[in-house]
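K.L.:
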Amino acid sequence: MKPRKCLILLLIIPMLFLNGCIIKMYEEYQDSHRKPTTTAPTEETTTETPRLEGEIFGVVAKVDLENKVITIRDIETNALLAYFYTGYSDIRDKYGEIMAAGVLQPGDMVEGTYYVDDSLLKTLLISSKAWSNLRVHNWSYDADARRIRIGTQSYSLYDHCIVAQDGRIIDIRELASIDELIVRGYENTVYSINVLKGHGYISLQNEDFFIGGIVTVGNEVGLEITEGMLVMAEEGKHILSVTKNGVGGAVEVNVQRGKEIFVDVGALQGEAVMHGSVYFTISPENAKLIIDGKVQNHEDLVELPFGTYRIAVEAVGYVPYMGDLVVGDTFIRRNISLGLEEKSTEVVEPETTQPESTSGTEETTSTEEETSSGGTEEETAPDIPEGPPEEETTVIHTGDKDISKYRIYVESPIGAEVYFDSEYVGIAPLEFEKQSGLHTIIFKRDGYQMKAYVLEISQEACDEHYSFLPLEKTEQ
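Each residue of the sequence shown is one higher than the one before, counting from 2 in the numbering used here.
#1: Give the straight-line distance between the Cα atoms of Thr40 and Ile194, rounded to the nearest whole angstrom.
#2: Distance, Cα to Cα, Ser459 vs Ala288?
#3: Would Ser360 be called buried (16 or more neighbouring beta carbons within 10 Å of its own) or exposed?
#4: I need the DSSP call for Glu175, collapsed to helix, strand or coil.
#5: Shortest alpha-carbon distance to Gly249 belongs to which of Arg311, Thr217, Val164?
#6: Assign Leu472 to buried or exposed, taking buried as 16 or more other Cβ atoms, counted over all protein chains shown, within 10 Å of its Cβ.
#7: Assuming contact is defined by CB atoms lying nearer than 8 angstroms, are Ile163 and Ala101 in contact in what I supplied?
#8: If the criterion is Cβ atoms closer than 8 angstroms, does the pair Val264 and His239 meet it?
#9: Run through DSSP, which three-state label would Pro247 get?
#10: Between the beta-carbon of Ala165 and the beta-carbon of Ile173, is there less than 8 angstroms?
#11: Alpha carbon to alpha carbon, how far is Asp118 from Glu67?
#12: Short of 6 angstroms in beta carbon distance, which residues of its chain neighbour Leu224, apart from the five on each side in sequence? Order them along the chain.
#13: Taking only beta-carbon atoms, is Asp160 less than 8 angstroms away from chain D?
#14: On the three-state DSSP scale, how would you describe Ala144?
#15: Since Ile71 and Val64 should fall inside the 8 angstroms C-beta cutoff, what is the C-beta to C-beta distance between them, to a whole number of angstroms?
#16: I'd like the span of the beta strand (DSSP E) that includes Gly186, first residue to last.
#17: Please report the residue range of the beta strand (DSSP E) in which Ile428 lies.
#18: Classify Gly103 as helix, strand or coil using the three-state DSSP reduction.
#19: Measuring straight from C-alpha to C-alpha, what distance separates Ile262 and Met275?
#20: With DSSP run on the structure shown, which of helix, strand or coil describes Phe210?
#21: Once you ignore the five residues that flank Glu465 on each side, which residues in its own chain have a CB closer than 6 angstroms to its CB?
#22: Determine contact between the segment 410-430 and the segment 439-447, defined as no fewer than three beta-carbon pairs at a distance below 8 angstroms.
#23: When the Cα of Ala131 is compared with those of Glu112, Thr153, Tyr116, Arg148, which residue comes out closest?
#24: Among Leu341, Ala313, Gly247, which one has its Cα closest to the Cα of Asp330?
#25: Would Glu45 be called buried (16 or more neighbouring beta carbons within 10 Å of its own) or exposed?
#26: Put Ala165 into one of helix, strand or coil per three-state DSSP.
#27: How about Glu236 and His200: are their beta carbons less than 8 angstroms apart?
#28: Would you grab the beta carbon distance between Lys452 and Glu175 for me? Rounded to a whole angstrom, and I think it's under 8 angstroms.
#29: Residue range of the beta strand (DSSP E) that Thr72 falls in?
#30: For Leu53, which residues of its own chain have a beta-carbon under 8 angstroms away from its beta-carbon, when the five flanking residues on both sides are left out?
#31: Which residue from Pro285, Ser278, Val317 puts its Cα closest to that of Leu326?
#32: For Ser413, which of helix, strand or coil comes out of DSSP?
#33: If you compare alpha carbons, which of Ser141, Asp293, Tyr202, Val184 is closest to Asn259?
#34: Report the residue from Arg148, Asp94, Arg150, Asp160 whose alpha carbon sits nearest the alpha carbon of Leu126.
#35: On the criterion of 16 or more Cβ atoms from any shown chain inside 10 Å, does Tyr322 qualify as buried, or is it exposed?
#36: Cα separation between Gln436 and Gly416?
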């Protein structure tokens, strides 16, 4: 047995040795082909290269929540740039509180930082460098000068100014003077305008009796009632009143932004005659007040039936004033100051002539200072019982150009009803008599959203042509 056991051991030992060698060779092979392992970075071992960052200062133009992209108009380069954001992007409001990207609106002025290599937002916050005026009512826009006036302050308008309503960009001409705005800017420039409260439209029904009379919505200046007219009004609840020869009435209306409402005024023709009291402040005191050809005593309240009147104020040695008076409330004020007539003195100078005006007129509006007519209209009123805001007037100048033979051509949107200063003038394309100054044009078509634009029509002796974008279909 012993020799047999020895033989078995002699066979087993080489096999074990051979297996050990094979295992050792396999481990060495694995080690030679194994990828190097890494350990978690620590403050001591991390040596990442810093990412290059850029700065942002501009106006939000669009927020794409689906693709997580915020488009911003850079006000220094004028470029329209798109930035990506993630859950790690630090977005905050003007108070430093964290806010969701969906809260951002077109027109917001923002500042922040981003990574240059992939345009990824690092930080973004409502800018503290920019200013904002909320609930702006008293504003006007000069298209030629590209300036906007807010109260008594005048600002330049950024060439790429973002005008937004209901989250979408609109043409600045779509703003109406009755709109309530949020205006944002930096230094003396306006960079964005948001519509806080817009306007809608009122269509009068059964108005035949009142044609030629006056319709007033809220505190707005009354308009002459014409057949098929369309009245633009600030959104919200208002009192609509109609009157003709003192007969009329009033009804409450609820105007919705961009919508048309229909008001039946036929039932108001049987109501009592309505009167208003007018308090005149006229300078000089001895001036003569003439209303519809009849001299009136302006030292006392003048009581008149609701309606529109032609007034004149005359005094020896002063430039006369003529204008319209709309009586559509129970009490109104009217302040008129005449300017002194200019005394011409003839001076003869050799080889010198007085240059003639190329326009033949001086175009001005009445202010507290002298105008070309010499008259002023003050904005303050005497201390008497409170009434509605004083009606503003414009001095009518003599010698203005006659542009009545020239035409305004509206070429599109084709097929839309056209209303010029609330009066229906026809279906586009069309033409009508040219009238200079600021005017409102409204387009209406069944199945489409109504649009209104403010036009500043020149007094140049020429025709003017306008084309507007097609109307958008209403959502079903």
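A virtual CB, placed ideally from N, CA and C, is assigned to each residue, including glycine.
P.N.:
With the given structure in hand:
#1: The residue you call residue 40 lines up with position 39 of the sequence shown. The residue you call residue 194 lines up with position 193 of the sequence shown. Interpretation of Thr40 is limited by its pLDDT of 44, a score under 50 that renders its predicted location unreliable; the figure taken from the coordinates is listed afterwards. Whole-angstrom Cα-Cα distance: 54 angstroms.
#2: As a position in the sequence shown, residue 459 is number 458, starting the count at 1. As a position in the sequence shown, residue 288 is number 287, starting the count at 1. A direct Cα-to-Cα measurement between Ser459 and Ala288 gives close to 34 angstroms.
#3: Your numbering for residue 360 matches position 359 in the sequence shown. Confidence is the limiting factor: at Ser360 the pLDDT is only 37, short of 50, which leaves the residue's position unreliable, though a coordinate-based value still follows. Exposed is the call here.
#4: Counted from its first residue, the sequence shown places residue 175 at position 174. DSSP, read as helix, strand or coil, puts Glu175 in helix.
#5: Sequence index remark: in the sequence shown, residue 249 carries index 248 (1-based). That would be Thr217, whose Cα lies nearest to the Cα of Gly249.
#6: On the sequence shown, residue 472 is found 471 positions in, with the first residue counted as 1. Buried is the call here.
#7: Walking along the sequence shown from the start, residue 163 turns up at place 162. Walking along the sequence shown from the start, residue 101 turns up at place 100. Between Ile163 and Ala101, the C-beta spacing is not below 8 angstroms.
#8: Start at 1 with the first residue of the sequence shown, and residue 264 comes out as number 263. Start at 1 with the first residue of the sequence shown, and residue 239 comes out as number 238. Cβ atoms of Val264 and His239: not closer than 8 angstroms.
#9: The residue you call residue 247 lines up with position 246 of the sequence shown. A small fix is needed here, since residue 247 is Gly in this sequence, not Pro. Coil at Gly247, not helix or strand.
#10: To locate residue 165, count along the sequence shown from 1; it is residue 164. To locate residue 173, count along the sequence shown from 1; it is residue 172. Not in contact: Ala165 and Ile173 (Cβ atoms no closer than 8 angstroms).
#11: Position 117 of the sequence shown, counted from the first residue, corresponds to residue 118. Position 66 of the sequence shown, counted from the first residue, corresponds to residue 67. Distance between the alpha carbons of Asp118 and Glu67: 22 angstroms.
#12: Taking the first residue of the sequence shown as 1, we reach residue 224 at position 223. Closer than 6 angstroms at the Cβ level, and outside the excluded window around Leu224, lie Val216, Ser423.
#13: The structure shown contains no chain D; it holds only a single protein chain.
#14: Here the question's residue 144 lines up with position 143 in the sequence shown. In the structure shown, Ala144 sits in coil (DSSP, three-state: anything other than H, G, I, E or B).
#15: As a first step, residue 71 must be located in the sequence shown, where it is residue number 70. As a first step, residue 64 must be located in the sequence shown, where it is residue number 63. With 8 angstroms as the limit, Ile71 and Val64 qualify as a contact, their Cβ atoms being about 6 angstroms apart.
#16: Counting from 1 along the sequence shown, the entry for residue 186 is found at position 185. Note, Gly186: beta strand (DSSP E), 181-187.
#17: The residue labelled residue 428 in the question sits at position 427 within the sequence shown. That run of the beta strand (DSSP E) goes 424-428.
#18: What you label residue 103 is simply residue 102 of the sequence shown in a count that begins at 1. Helix, per DSSP.
#19: Here residue 262 refers to the residue found at position 261 of the sequence shown. Here residue 275 refers to the residue found at position 274 of the sequence shown. Answer to the nearest angstrom: the Cα atoms are 25 angstroms apart.
#20: For the purposes of this step, residue 210 is taken as residue 209 along the sequence shown, with counting starting at 1. In this structure, Phe210 counts as helix in the three-state DSSP scheme.
#21: Numbered from its first residue, the sequence shown carries residue 465 at position 464. Here the set comprises Ile409.
#22: yes
#23: Along the sequence shown, read from residue 1 onward, the residue named residue 131 stands at position 130. Among Glu112, Thr153, Tyr116, Arg148, the Cα nearest to that of Ala131 is on Glu112.
#24: Indexing the sequence shown from 1 puts residue 330 at position 329. Looking at the Cα atoms, Gly247 is the closest of the given residues.
#25: For the purposes of this step, residue 45 is taken as the residue at position 44 of the sequence shown. With a pLDDT of 45 at Glu45, under the threshold of 50, the modelled position of that residue is not reliable, and the figure given next carries that caveat. A residue is called buried when at least 16 other Cβ atoms come within 10 angstroms of its Cβ; Glu45 does not meet this threshold and is exposed.
#26: The count along the sequence shown starts at 1 and reaches residue 165 at position 164. Reduced to three states, the DSSP call for Ala165 is strand.
#27: One-based indexing of the sequence shown puts residue 236 at position 235. One-based indexing of the sequence shown puts residue 200 at position 199. Contact flag set, yes.
#28: Position 451 of the sequence shown holds residue 452. Position 174 of the sequence shown holds residue 175. Right, the Cβ-Cβ distance comes to about 7 angstroms (below 8 angstroms), so this counts as a contact.
#29: By 1-based counting over the sequence shown, the position of residue 72 is 71. Looking at the DSSP string, the run of the beta strand (DSSP E) that includes Thr72 is 70-75.
#30: Residue mapping note: residue 53 aligns to position 52 of the sequence shown, counting from 1. The residues are Tyr116, Val117, Asp118.
#31: For this step, residue 326 is matched to residue 325 along the sequence shown. Of the candidates Pro285, Ser278, Val317, the one whose C-alpha sits nearest the C-alpha of Leu326 is Ser278.
#32: Along the sequence shown, read from residue 1 onward, the residue named residue 413 stands at position 412. The answer is strand: DSSP assigns Ser413 an E or B state.
#33: The residue labelled residue 259 in the question sits at position 258 within the sequence shown. This sequence places Gly at residue 259; Asn is not what is there. Taking only the C-alpha atoms, the option nearest Gly259 is Tyr202.
#34: As a position in the sequence shown, residue 126 is number 125, starting the count at 1. Nearest C-alpha to Leu126: Asp94.
#35: Against the sequence shown, residue 322 aligns to sequence position 321. With 16 or more Cβ atoms within 10 Å of its Cβ, Tyr322 is classed as buried.
#36: Position 435 of the sequence shown, counted from the start, is the residue given in the question as residue 436. Position 415 of the sequence shown, counted from the start, is the residue given in the question as residue 416. Rounded to the nearest angstrom, the two C-alpha atoms are 23 angstroms apart.
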